[in-house]
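Taking it in order: structure first as structure tokens, then the write-up.
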Amino acid sequence: MSNRYDIAVVGSGPAGLSAAINAKIRNKSIILFGNSELSNKILKAPKINNYLGLESITGEHLKDKFLSQLKAMDIEITAERINNIYAMGDYFTLMVNDKTYEASAVIIAAGVEFSKPLEGEMEFLGRGVGYCATCDAPLYKGKTVTVIGYNKEAAEEADFISELVNKVKFVPMFRENFKMNSNVEIVNGVPISIQGTNKVDKLILKDREIITDAVFILKDSVRPEQLVPGLEMDEMHIKVNRKMETNLPGLYAAGDITGKPYQYMKSAGEGQVASLNAVSYLDSLDK
Ligand SMILES: Cc1cc2nc3c(=O)[nH]c(=O)nc-3n(C[C@H](O)[C@H](O)[C@H](O)COP(=O)(O)OP(=O)(O)OC[C@H]3O[C@@H](n4cnc5c(N)ncnc54)[C@H](O)[C@@H]3O)c2cc1C
320 MSNRYDIAVV GSGPAGLSAA INAKIRNKSI ILFGNSELSN KILKAPKINN YLGLESITGE
380 HLKDKFLSQL KAMDIEITAE RINNIYAMGD YFTLMVNDKT YEASAVIIAA GVEFSKPLEG
440 EMEFLGRGVG YCATCDAPLY KGKTVTVIGY NKEAAEEADF ISELVNKVKF VPMFRENFKM
500 NSNVEIVNGV PISIQGTNKV DKLILKDREI ITDAVFILKD SVRPEQLVPG LEMDEMHIKV
560 NRKMETNLPG LYAAGDITGK PYQYMKSAGE GQVASLNAVS YLDSLDK
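And the structure:
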């Protein structure tokens with residue numbers, strides 16, 4: 320059996336960090352999944368005027384302060400992307416490709432993804448459209464797959480799967496000087512729709528089309544209902560009560576992912592509420 324943590328926190332923005340810090344203070348064993356640079360939404364903020372006690376701080380500076388607090392508290396970030404979370408009764412299984420982790424309680428603090436699905440994305444989901452290239456690439460041995468990538472990890476994933484498939488077309492949604500394997504073709508353009516018959520045949524960009532057997536869309540966040548089967552939503556947000564409990568016992572959510580206002584302190588506050596209630600839940604399991 321893999322080591323079972325008390326609490327797994329998914330997301331390293333203000334909500335996830337606050338959840339992790341509060342759980343650690345309560346002496347719970349934790350694993351914090353996210354990004355070593357914390358969150359693009361912290362990094363990209365030019366100036367923050369509403370963070371209590373940190374007047375006119377830049378996002379970069381706030382990130383450094385958060386990192387130094389994590390270091391002082393001996394909290395590490397596991398830089399892995401959770402693809403799925405399954406409720407197993409009195410614990411949860413969290414999947415990172417073919418690797419699994421276990422935790423008695425989970426706090427989802429994965430932020431929100433603002434962009435709408437592409438035309439055809441939902442229709443072809445599971446029939447050529449996917450959100451985890453490394454999980455599904457072995458199905459496309461000898462074929463052409465397209466990766467629409469929103470971050471550096473997506474570029475790495477595109478490179479990695481190029482060893483498993485015949486050809487990868489990489490459509491970057493951010494600027495960078497890419498150095499990729501020889502069978503990765505970088506295609507610049509704006510994705511409009513995914514088309515096919517029974518399964519995906521092509522990706523339509525604004526000024527061209529790509530013939531492809533699969534389209535992987537790799538963003539900073541996965542839609543919560545895809546992350547956790549059976550999770551109750553309130554339109555695009557996870558439905559929670561004032562304890563930050565979801566409809567699944569032991570599963571909590573905090574931050575932008577539970578709804579507006581999208582703000583740092585609201586996220587950090589919810590992370591704390593989720594964490595303290597997760598601690599009470601664990602204590603009640605022990606009794
Ligand atoms: C440019 C900009 C300026 C802003 N300025 C302000 C401001 O001045 N004041 C203010 O209050 N708010 C501001 N905001 C809003 C603020 O950034 C967000 O409300 C806040 O970051 C939300 O925190 P969060 O923890 O919920 O999520 P996020 O900060 O979005 O963090 C989520 C984290 O989870 C990770 N993640 C997602 N899915 C997974 C997964 N499956 N596995 C592992 N990790 C995952 C992501 O990589 C990310 O690191 C600004 C936002 C932007 C973009």
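All residue numbers for the sequence shown refer to the working numbering, where the first residue is 320 and numbers rise by one.
All residues carry an ideal CB built from backbone N, CA and C; glycine is no exception.
- For the beta strand (DSSP E) assignment, the uninterrupted runs of no fewer than 3 residues enclosed by the segment 538-585 are, from N- to C-terminal side, 570-572.
- For residue 418, the uninterrupted beta strand (DSSP E) segment begins and ends at 418-427.
- Around the beta carbon of residue 333, 16 or more other beta carbons sit within 10 angstroms, so the residue counts as buried.
- Taking 7 Å as the cut-off, the Cβ atoms of residue 413 and residue 474 do not count as close.
- Taking the C-beta atoms as reference points, residue 439 is found nearer than 7 Å to residue 513.
- Contact between residue 337 and residue 354 does not hold, since their C-beta atoms are separated by about 16 Å, which reaches or exceeds 8 Å.
- In the same chain as residue 559, and ignoring 5 residues on each side of it, the C-beta atoms closer than 7 Å to its own belong to 565, 572 and 577, in chain order.
- Residue environment: residue 347 is assigned as buried (16 or more neighbouring CB atoms within 10 Å of its CB, all protein chains considered).
- Under the three-state reduction of DSSP, residue 413 is assigned to strand.
- In this structure, DSSP gives residue 324 an extended state, which the three-state scheme calls strand.
- For residue 497, the Cβ stays outside the 6 Å cut-off from all heavy atoms of ligand 1.
- The beta strand (DSSP E) runs of length 3 or more contained entirely in the segment 371-413 are, from start to end of the chain, 403-406.
- For residue 592, the secondary structure class from DSSP, reduced to helix, strand or coil, is helix.
- In this structure, the beta-carbon distance from residue 570 to residue 425 falls below 7 Å.
- Sequence-distant partners of residue 595 (beyond 5 residues in either direction) whose C-beta falls short of 8 Å from its own C-beta, in its chain, are 341 and 345.
- Beta-bridge pairing by DSSP links residue 347 to no other residue.
- For residue 460, the three-state secondary structure derived from DSSP is coil.
- In the DSSP assignment, residue 524 falls within the unbroken beta strand (DSSP E) covering 519-524.
- Taking non-hydrogen atoms of ligand 1 into account, the C-beta of residue 388 is found less than 6 Å away from none of them.
- Apart from the 5 residues on each side of it in sequence, residue 360 sits with its Cβ closer than 7 Å to the Cβ of 332 and 430 in its chain, given in chain order.
- Assignment of beta-bridge partners to residue 495 by DSSP yields no partner.
- For residue 529, the enclosing beta strand (DSSP E) has its first and last residue at 528-530.
- Set against 6 Å, the gap from the CB of residue 574 to the closest heavy atom of ligand 1 is smaller.
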